[in-house]
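Enquirer:
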Amino acid sequence: MEISTFELLTKPIAPVAPLDPIGPVARRIVQGYFLTISNLESFNVPYRIEFTVSLPDPPDSNKTIILGSPDEQNVSLLVDVEGENTEVTLAQVQGKPGVFRGLFRIPAHKTASVELLPKLPNVLDAGMLEVRGYVSLFRRFQFPFGRVKVLLNPEIRGTFLPNDFLPSGDNIPVPPNTEFDFDQINYTLALASGKALNEISRKPFRSFVTNLQTLESISEELGDGTLDLDSLETDNSEKAQMLVQLLAELDASDVNLKDLNTVMEKLEIPVRMSSI
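For the sequence shown, our numbering gives the first residue as 400, with consecutive numbering after it.
#1: Would you grab the beta carbon distance between S403 and V498 for me? Rounded to a whole angstrom, and I think it's under 8 angstroms.
#2: Can you check whether the CB of A490 is closer than 9 angstroms to the CB of N438?
#3: What's the C-alpha gap between V492 and F450?
#4: Whose CA, out of S592, E481, D470 and P458, lies closest to the CA of K509?
#5: Would DSSP call V522 helix, strand or coil?
#6: In this structure, how does DSSP classify S535 when only helix, strand and coil are distinguished?
#7: According to DSSP, T451 sits in a beta bridge with which residue or residues?
#8: To the nearest angstrom, how far is the alpha carbon of E483 from that of F503?
#9: Could you check what DSSP says for S512 in three-state terms: helix, strand or coil?
#10: In whole angstroms, what separates the C-alpha of L560 from that of D582?
#11: If the criterion is Cβ atoms closer than 9 angstroms, does the pair P344 and G431 meet it?
#12: What is the DSSP secondary structure of N552, counted as helix, strand or coil?
#13: Kindly list the residues whose CB is nearer than 6 angstroms to the CB of L477, restricted to its own chain and excluding five residues on each side of it in sequence; keep chain order.
Written out as structure tokens, the structure is:
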């Protein structure tokens, strides 16, 4: 489900100049994205959040998400539940250069703050981070199947810093009686759905043709209780794709349903599926 746009900034808001009239406004904004999620269900729900970056042309490292070692990264993804920030690994989606994802879980009836922030002090040296794109949220593979209800509130929050504040991230002693000009701003973003109460489903898989050999293997494992659910998170797992399509929010053709019922009958599994 698409949630909202996002924008990360670490950028001067006015030219740095020695002139007194310009001095008071010669500051920079450090701006991050915050998504508040309330899990309205009576069970824990695992989520996948994706950030699709509007990639610059020509390429510009200050206008995209940079991963790598802690010293190379230019963003941090955090999840705060009950006042404790937990850093979440951000990874690029295979085959999609501009899409980055993180995985997290929200306990039953809890509210979490998911935060994509410029990584300090890494981004203070360049001071020109400017990353834009949109945010999507999906439920990860989990029993019971179906959609889950959430309350969503996306925000942009920023802090204005003097341009000479921690210019290189070093522990530079602050002279006594130094006056720093700080300020903050925050505003709510428009939700793509137009409402705070939403239902989140899994991200649909690509269409594929039913493979009876794989289908029979899934049915056998379901029948004898040996299906390994933990292994089904792999993006390119044909078995995971088929199981999700067949057993959760089915969007299968009559031919696929007939194949499934044939295998179920062969294995003496008392389950039959039909289109509504």
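Every residue gets a Cβ at the ideal spot worked out from N, C-alpha and C, and that includes glycine.
Expert: According to the data block:
#1: Cβ-Cβ separation between S403 and V498: approximately 16 angstroms, too far for a contact (criterion under 8 angstroms).
#2: no
#3: 10 angstroms
#4: E481
#5: Assignment of V522 by DSSP, reduced to helix, strand and coil, places it in the helix class.
#6: strand
#7: DSSP lists V498 and Y533 as partners of T451.
#8: 14 angstroms
#9: strand
#10: A direct Cα-to-Cα measurement between L560 and D582 gives close to 7 angstroms.
#11: For the chain, the structure presents residues 400 to 675; residue 344 sits outside this window and is missing.
#12: strand
#13: N484, E486 and E514
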